[in-house]
Each structure stands twice: as C-alpha cells, then as structure tokens.
Amino acid sequence: MVQTTYQQPSAQGYYGQFGGAYIPEMLHPNVEELRTKYLAITSEPGFRKEFEGLLRDYVGRPTPLYFAQRLSERYGAAFFLKREDLCHTGAHKVNNTIGQILLAQRLGKKRIIAETGAGQHGVATATVCALKGMECIVYMGEKDIERQAPNVARMKMLGATVIPATSGSKTLKDATNEAIRDWINNPLDTHYIIGSVVGPHPYPDMVARFQSVISEEVRKQLKEKTGSELPARVIACVGGGSNAAGAFYHYLDEPSVQLVAVEAAGHGIHSGMSAATTQLGRPGILHGSKSLVMQTEDGQVVEPHSISAGLDYPGIGPLHANLFQSGRGQFLSATDQEALDAAFELAKLEGIIPALESAHALAALKQLKLKAGEHIVICLSGRGDKDLATYMKAMDSQS
Numbered sequence: 485m486v487q488t489t490y491q492q493p494s495a496q497g498y499y500g501q502f503g504g505a506y507i508p509e510m511l512h513p514n515v516e517e518l519r520t521k522y523l524a525i526t527s528e529p530g531f532r533k534e535f536e537g538l539l540r541d542y543v544g545r546p547t548p549l550y551f552a553q554r555l556s557e558r559y560g561a562a563f564f565l566k567r568e569d570l571c572h573t574g575a576h577k578v579n580n581t582i583g584q585i586l587l588a589q590r591l592g593k594k595r596i597i598a599e600t601g602a603g604q605h606g607v608a609t610a611t612v613c614a615l616k617g618m619e620c621i622v623y624m625g626e627k628d629i630e631r632q633a634p635n636v637a638r639m640k641m642l643g644a645t646v647i648p649a650t651s652g653s654k655t656l657k658d659a660t661n662e663a664i665r666d667w668i669n670n671p672l673d674t675h676y677i678i679g680s681v682v683g684p685h686p687y688p689d690m691v692a693r694f695q696s697v698i699s700e701e702v703r704k705q706l707k708e709k710t711g712s713e714l715p716a717r718v719i720a721c722v723g724g725g726s727n728a729a730g731a732f733y734h735y736l737d738e739p740s741v742q743l744v745a746v747e748a749a750g751h752g753i754h755s756g757m758s759a760a761t762t763q764l765g766r767p768g769i770l771h772g773s774k775s776l777v778m779q780t781e782d783g784q785v786v787e788p789h790s791i792s793a794g795l796d797y798p799g800i801g802p803l804h805a806n807l808f809q810s811g812r813g814q815f816l817s818a819t820d821q822e823a824l825d826a827a828f829e830l831a832k833l834e835g836i837i838p839a840l841e842s843a844h845a846l847a848a849l850k851q852l853k854l855k856a857g858e859h860i861v862i863c864l865s866g867r868g869d870k871d872l873a874t875y876m877k878a879m880d881s882q883s
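The sequence shown runs 485 to 883 under this note's numbering.
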C-alpha cells in the first residue's frame, strides 16, 4: 500500500519518503506487537468508550475554542485559540498518554517508560500511570530537570521515578536515547509511551490519531462560531510535532486550509544554537524513523537549542517532514526572544500565559500576510506555569 493521503501513512509507516521502523533486533517483537495490534485495539467499542469517557470526564474535553478579540484587533484577522492549556495536566500531551495507557493495559504490560523535555509529557505519563496503578519511569535530560523543576516535582508527587539523562546535550534527544535503552533491556513487561509523532512506526501514526481529537473538536466548534468548519490557517509550534499533528489532522486533506508549523530558531537559524530542523536538517535516521535530522556531514546529530525544552529536538516527526517536503505545510521559525515577546504580548492582551512552546506559534503572526476577516486557529498547546522561572528572568533583565 502506498500513502494516498497526507493523513495516513503507508502500511510500512511511510509519509512520502519519511517514516518506517529502523530499530535494533531486540526491539523488533515489541514494535511488531504494536504494529499488528494497535489499530484493532484502538477501534474496539470498549476501548473507544473508555478513551472518550476519560477525555471528557478526566481531561476536561472538549477544550474551548476561544475568540481572542484583542489579539485579533492587534493583527487584523480573527484569531481563535484552541485551549489545550486547559487540559488536565496543563497541555495536550495527556490526550496521547490516556490512549497509550489503555493500549498498554490491553497488551498486558505492567511497567511504563517515557521520555520528556519540557516535562509536560512526563507529567501526563505519570498522571495516567497513577490513574491505572502502573509503575512509571520517566527519563529527562539533566539540563531540562533544572529548567523545568515544577514539572519534576509533579512527576515525583504522582509516583513516577525520574531518571536524569547525563549524556550529550542533556536534553530531550538524550532522554529518548535512555528510554530506548531501557526498552531494549525490558522488552516483555514494558510499554514505551512516546510523547510525540516520532519514533518507529506505528508511533507517529498512533500518536497523531490520539491527538487528532484537537482538530476534530476545532471543526465542530469553528462551525458553531463562524458557520464554516474550515479556517484560512491553522498554526502550531513544532518540535517533534504532536500538538501540530493533532491540530492539523482533520485538515491535512483540505487543501484550502493553510497549515503553518513554527519551529524554534533559538538564537537564530544559522547561529549554531537552533532547533529549526526543516531549515537545517537533511534526511537521516533518528530514534527509529527516517526523517529530517540536524546532522554533520558524517551523520553525527547536531545538538539543538531552544529556550523551550519541548522544542529542543534535532529532528521532526515524519508526518511533518513530508508536509514540508511536499509543500503542503508552511514552515516558519521563531527565535527565543521572539517567543518571549509573543508570550508577554498574549498575557497582556488576553490574560493568558502560554507555554514557551506555544509562544513560538504566536510569534509567527508577525511573519504572515494577514487578511482582514480571515479565520485563523492557533493551537495553544500548553500553559506557562512551568516556564515562570524563565519568564521572571526575562522580566528581571528588562527592568
């Protein structure tokens, strides 16, 4: 089977030329078990009932689609914020962890491992493990543990064991490496809850499906508010790209809707301190799939940089790599300072403090040619509580 839509990968897990499963032999049974069973399990009526019930009663879905009047007046278009920051745990990550914990249960797994950068996926994983009484191990870069201390405390309070990754840049890439090593050593009783649309097939497709509830709700909510399900644009930040995959999913095959993905430019795309993968990367293998990867001439991964721990990743999900290469998606980038400025602007205009990741999406507004009256949806992927130390430091430097 070849890929016939932007939404669905081929049977081998390829979006165009990107995807697949490039894994050590030791992991083959785990990944094959997932690949052969995930669609059947997740489409069972019992699974759907429990998944949708937890999204409603535990996560608090549907999340609001909020018309940001003052932001709209400032930029001259009609902006609607999809409020994933109002999910239980403070970000979109929980949509996926709910789905994967239910899948792990049905596969008979007893132990859960995860990687996390900003800590939101770690918190969301620890949350569902507490909910279901399962052991939880979260790998997190040593650098991220320092800059995301509130989320580390939340994970520990929820009963998770947080293990620092001390190699490389001590960020998300290195935490992922450690989680994969753990999975190789514990293949029988352990399920790895990957937090983004990265990793070997079926993870990119599976995570996108669980996150697709975002755009499923947007279509209904936008129709109620405007009379049309189709906005002019959907904007989302992209690291690995799970919130963007969810926000784009039900619009991927709607060519009239422009999909705008915003990466982290760090100190500047060509500064040597960036995470703008589509601008700096080339095809390569990272964490089990073929995608665009920031790498040296001899294939060594280049250390990324972003002020936002959740975007500090040297690759991008294969779904997004295909959107970039095919031209279906428009890929922009925002620097650390532009993201900070956008976060303070939203706080002062709308009384909403966004996560630094989400602030990158907001920073794109100054780069777009906007038309009066067009409807634009921005995925506000998370709230800014976890980033207050960074925001306070920025305020101190300005005073």
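We put the CB at the ideal spot given by N, CA and C, even for glycine.
Exercise for the section: Identify the continuous alpha helix (DSSP H) that holds alanine 818 and give its terminal residues. Expected result: Unbroken run through alanine 818 is the beta strand (DSSP E), 813-819; no alpha helix (DSSP H).
Practice task
Can you grab the Cα-Cα spacing for the pair methionine 485 / arginine 703, in whole Å?
Solution key: The pLDDT assigned to methionine 485 is 42, lower than 50, so where the model puts this residue is not dependable, and the model offers no usable value.
Exercise for the section: Quick one: grab the DSSP three-state call for cysteine 863. Expected result: strand
Problem - Straight-line gap, glutamine 496 to glutamate 516 (C-alpha atoms, nearest Å) - result: 11 Å
Handout entry: 8 Å contact criterion, which alanine 823 and leucine 849 should meet: CB distance rounded
Key = At roughly 12 Å, the Cβ-Cβ gap does not stay under 8 Å, so alanine 823 and leucine 849 are not in contact.
Exercise for the section: May I have the straight-line CA-CA distance separating glycine 537 from glycine 544, to the nearest angstrom? Expected result: 10 Å
Problem - Sub-9 Å separation of aspartate 745 and glycine 813 beta-carbons - result: Checking the sequence shown, residue 745 turns out to be alanine, not aspartate. Closer than 9 Å, so yes.
Exercise for the section: On the DSSP bridge assignment, give the partners of arginine 590 in chain order. Expected result: For arginine 590, which the question treats as bridged, DSSP gives no partner whatsoever.
Practice task
Verify whether the separation of the beta carbon atoms of tyrosine 623 and threonine 660 is less than 9 Å.
Solution key: yes
Handout entry: CA-to-CA distance, alanine 845 to aspartate 871, given in whole angstroms
Key = 16 Å
Exercise for the section: State the Cα-Cα distance for the pair leucine 587 and glycine 504, rounded to the nearest angstrom. Expected result: 21 Å
Practice task
Assign proline 715 to one of two classes, buried (16 or more other C-beta atoms within 10 Å of its C-beta) or exposed (fewer than that).
Solution key: buried
Practice task
Let me know if serine 755 comes out buried or exposed under the rule of 16 or more other beta-carbons within 10 Å of its beta-carbon.
Solution key: exposed
Problem - Simplified DSSP assignment, three categories, for methionine 485 - result: Below a pLDDT of 50, predicted positions are generally treated as unreliable, and methionine 485, at 42, falls in that range; no measurement from the model is reported.
Problem - Continuous alpha helix (DSSP H) stretch holding glutamate 517: start and end - result: 512-526
Practice task
Can you have a look at arginine 717 and say buried or exposed, based on whether 16 or more other CB atoms are within 10 angstroms of its CB?
Solution key: buried
Exercise for the section: Return the residue from the list Met641, Ala663, Gly643 and Lys640 that minimises the CA-CA distance to serine 651. Expected result: Ala663
Exercise for the section: Would you check if the distance between the CB atom of glycine 765 and the CB atom of leucine 776 is smaller than 9 Å? Expected result: yes
Practice task
Give a yes or no on whether the C-beta atoms belonging to phenylalanine 502 and glutamine 705 are separated by under 9 Å.
Solution key: no
Handout entry: Cβ-heavy atom distance, proline 493 to the ligand ZN, below 8 Å
Key = Of ligands this structure carries none, so the ligand ZN is not represented either.
Handout entry: Classification of tyrosine 506 by the beta-carbon crowding that lies within 10 angstroms, buried from 16 upward
Key = exposed
Practice task
Evaluate the contact criterion for the region 802-818 versus the region 864-879: three or more CB pairs, one atom per stretch, below 8 Å.
Solution key: no
Exercise for the section: Count the other CB atoms, across all protein chains shown, that sit within 10 Å of the CB of leucine 906; report buried if there are 16 or more and exposed otherwise. Expected result: The requested residue 906 does not occur in the structure, where the chain is confined to residues 485 to 883.
Practice task
Please go through the same chain and pick out, in chain order, the residues whose beta-carbon is closer than 7 Å to the beta-carbon of aspartate 673, but skip the five residues on each side of it.
Solution key: Lys593, Lys594 and Arg595
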